[in-house]
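Visitor: A single structure is presented below for examination.
Residue numbers (the numbering used here): 40 to 487.
Structure representation (structure tokens):
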């Protein structure tokens, strides 16, 4: 008999920790190889984690709702396959292990947290003021330190403390509640304060926290809701948001879709919706206006050569954005298959980290719920997001064959484009939307 360590997996290079949201097995339960044993939530994806071996769940070391660093042992499985131990027990990466050892040593010494500038990750631009921390960091230590708990971030916001400039006693210098309370008690907060009229990054809310009234129901946010909240606030704070609206006539696309529908669905087994047509035209328009497929990197602009289209999917427990990679290489049937596959795996928690990473442009479709238009928030690392309003029949004034005005029933929708005005001018954004409009209203009919 041997025991195999079950670790918190690293779901992507940029992820330093995960929350064990639910155990699917209990101590004493039999576990099959590749059978899901627990669910995790990270800042990228919710996922079910399968067992790498068959056996019996002998020990649970991390409870539900607990957030731990990647490579942490969360459980142990008892198995007769002793040879599998060496192959399946993952050791922490050298860098992570060093950080954990340093943190453990600091905790043992009872060393108090100190305020000092964080070390910049290679290639990350610095702010212009001397002594400021880097504008962003993606090293293991930087990510963990700035991923303090909501309570710690709330205390920091109330006292104007920049957590990224503090080194605590948690893993990789992560600031704990005890750290920040000790720091406040020392009266040395001035060194950690960044002069600003805004709350520091990571603060959930300005002003006093609302109190529940008699009869109110109070429940903690789910992990995915907390992460969505943090991401949306950071995204809104980062980009200079502007939104333009176009009404687009989808009558032609609707007729092409109707003619193709029966044969397409019998050949592919997939339902043909309006979305593949829209994605196809969006990609063609991105080729004409590459700044809409770009990202801001300090004072530089990164023009992406890949066209990776993120599609927002509303789930019962939150929002997630799986990504169609290299959408420019896919036909209507390929786009349809990718859409359906990603949406299905999102709803069944079978997405992989790479499925939700690398978007260069995003499409959100609130129109399926009846919304006519909106002003979506631009995801971090991109320059624009397209919102699709409800597709519905409307009376429109058209020009007849003899030049007279006629009223006709047309299938239309409002498209909204939120763009980052730091790099996208209004003229380019509107030309981009005009290109989408023209492309969809003159879409080539391959069904004839």
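The C-beta atom is built at its ideal place from N, Cα and C for all residues, glycine as well. All figures in this text were calculated on a predicted structure; none of them were measured in a lab.
Just to confirm, are residue 295 and residue 484 a CB contact at a threshold of 7 Å?
Guide: yes
Visitor: Give me the Cα-Cα distance between residue 93 and residue 70, rounded to the nearest whole angstrom.
Guide: 5 Å
Visitor: Between residue 267 and residue 358, is the Cβ-Cβ spacing less than 7 Å?
Guide: yes
Visitor: Starting from residue 77, follow the alpha helix (DSSP H) in both directions and report where the run begins and ends.
Guide: That residue, residue 77, is in no alpha helix (DSSP H); its beta strand (DSSP E) goes 75-80.
Visitor: Could you please give the first and the last residue of the uninterrupted beta strand (DSSP E) stretch that includes residue 316?
Guide: Not the beta strand (DSSP E): residue 316 falls in the alpha helix (DSSP H), residues 314-327.
Visitor: Could you give the C-beta distance for residue 348 and residue 333, rounded to a whole number, given that I count them as a contact under 8 Å?
Guide: In fact, because the Cβ distance is near 15 Å, the residues do not count as touching under 8 Å.
Visitor: Do you know how far the Cα of residue 288 is from the Cα of residue 279?
Guide: Distance between the alpha carbons of residue 279 and residue 288 is about 29 Å.
Visitor: Answer with buried or exposed for residue 316, where buried requires no fewer than 16 other C-beta atoms within 10 angstroms of its C-beta.
Guide: buried
Visitor: Find the nearest neighbour of residue 99 within the set 89, 76, 110 and 220, judged by alpha-carbon distance.
Guide: 76
Visitor: For residue 90, does the three-state DSSP call read helix, strand or coil?
Guide: Coil at residue 90, not helix or strand.
Visitor: If you draw a straight line from the alpha carbon of residue 176 to that of residue 336, how long is it in whole angstroms?
Guide: Low confidence applies here, because residue 176 scores a pLDDT of 42, under 50, leaving its location unreliable and the question unanswered by this model.
Visitor: When you compare the CB positions of residue 525 and residue 413, do they come within less than 7 Å of one another, or not?
Guide: Residue 525 lies beyond the residue range present for the chain, which begins at 40 and ends at 487; the question has no answer from this structure.
Visitor: How far does the beta strand (DSSP E) with residue 447 in it extend, from its first residue to its last?
Guide: In this chain, the beta strand (DSSP E) harbouring residue 447 covers 444-459.
Visitor: Which residues in the same chain as residue 78 place their Cβ atom closer than 6 Å to its Cβ, once the five residues preceding and following it in sequence are excluded?
Guide: Here the set comprises 60, 61 and 87.
Visitor: Grouping DSSP H, G and I as helix and E and B as strand, with all else coil, what is residue 268?
Guide: The DSSP-derived three-state label of residue 268 is helix.
Visitor: For a quick check, are the C-beta atoms of residue 400 and residue 281 less than 7 Å apart?
Guide: no
Visitor: Helix, strand or coil for residue 194 per DSSP?
Guide: helix
Visitor: Just the Cα atoms here: how many angstroms apart are residue 248 and residue 195?
Guide: Roughly 14 Å separates the two Cα atoms.
Visitor: Given this structure, state the Cα-to-Cα distance separating residue 271 from residue 398, to the nearest angstrom.
Guide: 16 Å
Visitor: Give the secondary structure of residue 40 by DSSP, where H, G and I count as helix, E and B as strand, and everything else as coil.
Guide: coil
Visitor: Report the rounded CA-to-CA distance for residue 407 versus residue 331, giving the unit in angstroms.
Guide: 25 Å
Visitor: For a test of your reading of the model: does the CB of residue 251 fall under 6 Å from any non-hydrogen atom of the ligand FMN? Yes or no.
Guide: For the ligand FMN, the structure offers nothing, since it holds no ligand at all.
Visitor: In this structure, what does DSSP give as the bridge partners for residue 373?
Guide: Per DSSP, none; premise fails for residue 373.
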